């Protein structure tokens with residue numbers, strides 16, 4: 670199961686796109702991973718300076734970000750759930766889907782690595798080691814694109830994770846990294862957000878580049 674992730678920027682536009690036509694405000698729905706990575710801190714000021722528009726950002730899970738745009742509550746969405754994005758486009762709810770950047774997933778954990786993930790070539794195999802060891806794993810549990818990929822990896826591993834070692838944060842990527850760090854647990858994260866948090870957490874990349 671590949672860890673690589675393509676981030677598709679709606680310029681997944683809302684089919685009717687009313688908000689931008691009526692005011693100088695552009696509403697962007699996006700993922701917490703994108704916000705936590707610090708990318709918007711660079712792109713938004715540049716866009717505002719060049720266009721004169723003001724960007725209002727709503728950062729939620731991928732599913733919610735796409736749903737907001739599909740309901741016309743956002744003008745554009747930046748997400749990373751290709752299958753769901755294509756469904757919205759096929760149904761005429763969103764349009765002009767474009768791939769604009771690349772990110773990938775990594776499996777993180779404490780330096781001590783109690784489940785022995787170092788050296789694992791496949792993420793699904795790493796997940797099996799976590800379950801076999803009963804080592805703590807923190808899931809976003811928020812129906813985001815990252816959460817969907819994590820669940821796909823558990824399925825590929827032939828496992829259904831459960832408490833007490835499996836913990837659902839119900840929060841975004843940044844908060845989930847903090848919880849995993851505090852509990853010396855494993856987690857799945859997008860690389861961009863992890864890199865933005867390396868000075869705040871002691872988690873290490875243990876599995877990457879699958880394939």
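Numbering (the working numbering), first residue to last: 670 to 880. Glycine residues also receive a C-beta, built at the ideal position from the N, C-alpha and C atoms. Small disclaimer: the values here were computed from a predicted structure and weren't measured.
Inter-residue spacing [alpha-carbon to alpha-carbon] between residue i and residue j
{"i": "residue 817", "j": "residue 733", "result": "13 angstroms"}
{"i": "residue 871", "j": "residue 844", "result": "14 angstroms"}
{"i": "residue 761", "j": "residue 754", "result": "11 angstroms"}
{"i": "residue 799", "j": "residue 848", "result": "17 angstroms"}
{"i": "residue 879", "j": "residue 819", "result": "13 angstroms"}
{"i": "residue 735", "j": "residue 823", "result": "24 angstroms"}
{"i": "residue 756", "j": "residue 765", "result": "13 angstroms"}
{"i": "residue 876", "j": "residue 795", "result": "8 angstroms"}
{"i": "residue 745", "j": "residue 714", "result": "16 angstroms"}
{"i": "residue 834", "j": "residue 806", "result": "6 angstroms"}
{"i": "residue 882", "j": "residue 873", "result": "The requested residue 882 does not occur in the structure, where the chain is confined to residues 670 to 880."}
{"i": "residue 852", "j": "residue 728", "result": "25 angstroms"}
Candidates the options, of which the one nearest residue i by Cα
{"i": "residue 771", "options": "874, 719, 742 and 862", "result": "862"}
{"i": "residue 730", "options": "787, 721, 708 and 839", "result": "839"}
{"i": "residue 712", "options": "693, 769 and 765", "result": "769"}
{"i": "residue 814", "options": "739, 709, 793 and 750", "result": "750"}
{"i": "residue 707", "options": "726, 825 and 805", "result": "726"}
{"i": "residue 854", "options": "809, 868 and 828", "result": "809"}
{"i": "residue 836", "options": "738, 703 and 804", "result": "804"}
{"i": "residue 694", "options": "724, 869 and 767", "result": "724"}
Test: residue i CB closer than 8 angstroms to a CB of chain D
{"i": "residue 792", "result": "Of the protein chains in this structure there is only one, and it is not chain D."}
Residues that DSSP places opposite residue i in a beta bridge
{"i": "residue 876", "result": "776"}
{"i": "residue 699", "result": "728 and 747"}
{"i": "residue 694", "result": "723"}
Segment contact flag, the stretch 855-872 with the stretch 772-782, C-beta cutoff 8 angstroms, min 3 pairs: yes
Sequence ranges, alpha helix (DSSP H) only - wholly within the stretch 811-863, length at least 4: 814-825 and 842-851
Write down every uninterrupted run of the alpha helix (DSSP H) in the stretch 703-757 whose length is 4 residues or greater and which is fully enclosed by it, in chain order. 708-720 and 731-739
Would you list, in sequence order, the uninterrupted alpha helix (DSSP H) runs of no fewer than 4 residues that lie entirely inside the stretch 785-812? 792-802
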